[in-house]
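S.K.: Residue 129 in numbering that gives the first Met the number 0 sits at position 130 of the sequence shown, with consecutive numbering throughout. We treat Cβ as the ideally placed atom computed from N, Cα and C, and that holds for glycine.
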Amino acid sequence: MSAPSSPASHAAMQRVVDVCGDEADILALSVARFVAAGYMTSDVACWNAAFDGAEQLLGPAEGCRFVASVVAIVRALRAEREDDWSFMPASCCRVTGHECALVALIGRGRRRLWADLEEAAAEITGRDAAPRLVAAVRAAVATLDAAAERLAPATCPHRVVLH
0 MSAPSSPASH
10 AAMQRVVDVC
20 GDEADILALS
30 VARFVAAGYM
40 TSDVACWNAA
50 FDGAEQLLGP
60 AEGCRFVASV
70 VAIVRALRAE
80 REDDWSFMPA
90 SCCRVTGHEC
100 ALVALIGRGR
110 RRLWADLEEA
120 AAEITGRDAA
130 PRLVAAVRAA
140 VATLDAAAER
150 LAPATCPHRV
160 VLH
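1) If V73 and A35 are in contact, beta carbons under 8 Å, what's the gap, nearest whole angstrom?
2) Please list the terminal residues of the continuous alpha helix (DSSP H) segment that includes D42.
3) Could you tell me how far apart the beta carbons of L28 and L150 are, in whole angstroms, since I believe they sit closer than 8 Å?
4) Mapping DSSP to helix, strand and coil, what is R110?
5) If L57 sits next to A114, beta carbons under 8 Å apart, how far is it from one beta carbon to the other, in whole angstroms?
6) Can you tell me which of the three DSSP states S90 falls into?
7) When the Cα of F171 is compared with those of A121, E22, N47, D21, which residue comes out closest?
8) Determine the burial state of G108: buried for a count of at least 16 other Cβ atoms within 10 Å of its Cβ, exposed for fewer.
9) If you reduce the DSSP assignment to three classes, tell me which class H9 lands in.
10) Report the option in R131, V140, V16 whose CA atom is closest to the CA atom of A78.
This is the structure in structure tokens:
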């Protein structure tokens, strides 16, 4: 996993709010970024930050489930993808192409487009199939959807939104 460093690459990047469909997608991307940073730096503080943020927004039980679901996706991605993966810091408003692909993959799962999910997982990993990644996304769907419902601005009019 690597972090992009050239200013020119930042100019062409899309924004989080343009790529993520809802607050759950934004939180999932943020958690994935913290987890990726933890892998890159070997610093447990990154993982703690992921848990702290999710627990603050979703409560201790639901927040932990949410982070565990995203961690499973990142672990599966690391296990089945051989090439580097670029990501931005958790609080950055821009997204890399790899992050766009991850958000789109999660979106396919949340829309229950299982054949598309399998195809996209294979494409992201560069393999003929990515069964572990598909299984991780499928397992995360209910948790992500529950978080989306809880984080929806319409249901929480006085709550601060993530973007």
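M.R.: On the basis of the supplied data:
1) Mapped onto the sequence shown, residue 73 falls at position 74. Mapped onto the sequence shown, residue 35 falls at position 36. That pair is a contact at about 6 Å.
2) Position 43 of the sequence shown, counting from 1, holds the residue named residue 42. Counted as a single uninterrupted DSSP element, the stretch harbouring D42 is not any alpha helix (DSSP H), since DSSP gives it neither H nor E.
3) Start at 1 with the first residue of the sequence shown, and residue 28 comes out as number 29. Start at 1 with the first residue of the sequence shown, and residue 150 comes out as number 151. The C-beta distance from L28 to L150 rounds to 13 Å, too long to meet the 8 Å contact threshold.
4) Here residue 110 refers to the residue found at position 111 when the sequence shown is read from its first residue. Per DSSP, reduced to three states, the secondary structure at R110 is coil, with no helix or strand assignment.
5) Here residue 57 is taken as the residue at index 58 of the sequence shown, counted from 1. Here residue 114 is taken as the residue at index 115 of the sequence shown, counted from 1. Under the criterion of beta carbons closer than 8 Å, L57 and A114 do not qualify as touching, at roughly 30 Å.
6) Position 91 of the sequence shown, counted from the start, is the residue given in the question as residue 90. Note: S90 maps to coil in three-state DSSP.
7) Residue 171 is absent from the model: the chain starts at 0 and stops at 162.
8) Sequence index remark: in the sequence shown, residue 108 carries index 109 (1-based). G108 should be labelled buried.
9) For the purposes of this step, residue 9 is identified with residue 10 of the sequence shown, where counting begins at 1. Reliability of the predicted coordinates at H9 is poor, the pLDDT of 48 falling under 50, and the value obtained from them is presented with this limitation in mind. In the displayed model, H9 falls within a helix according to three-state DSSP.
10) For the purposes of this step, residue 78 is taken as the residue at position 79 of the sequence shown. With distances taken between Cα atoms, A78 lies closest to R131.
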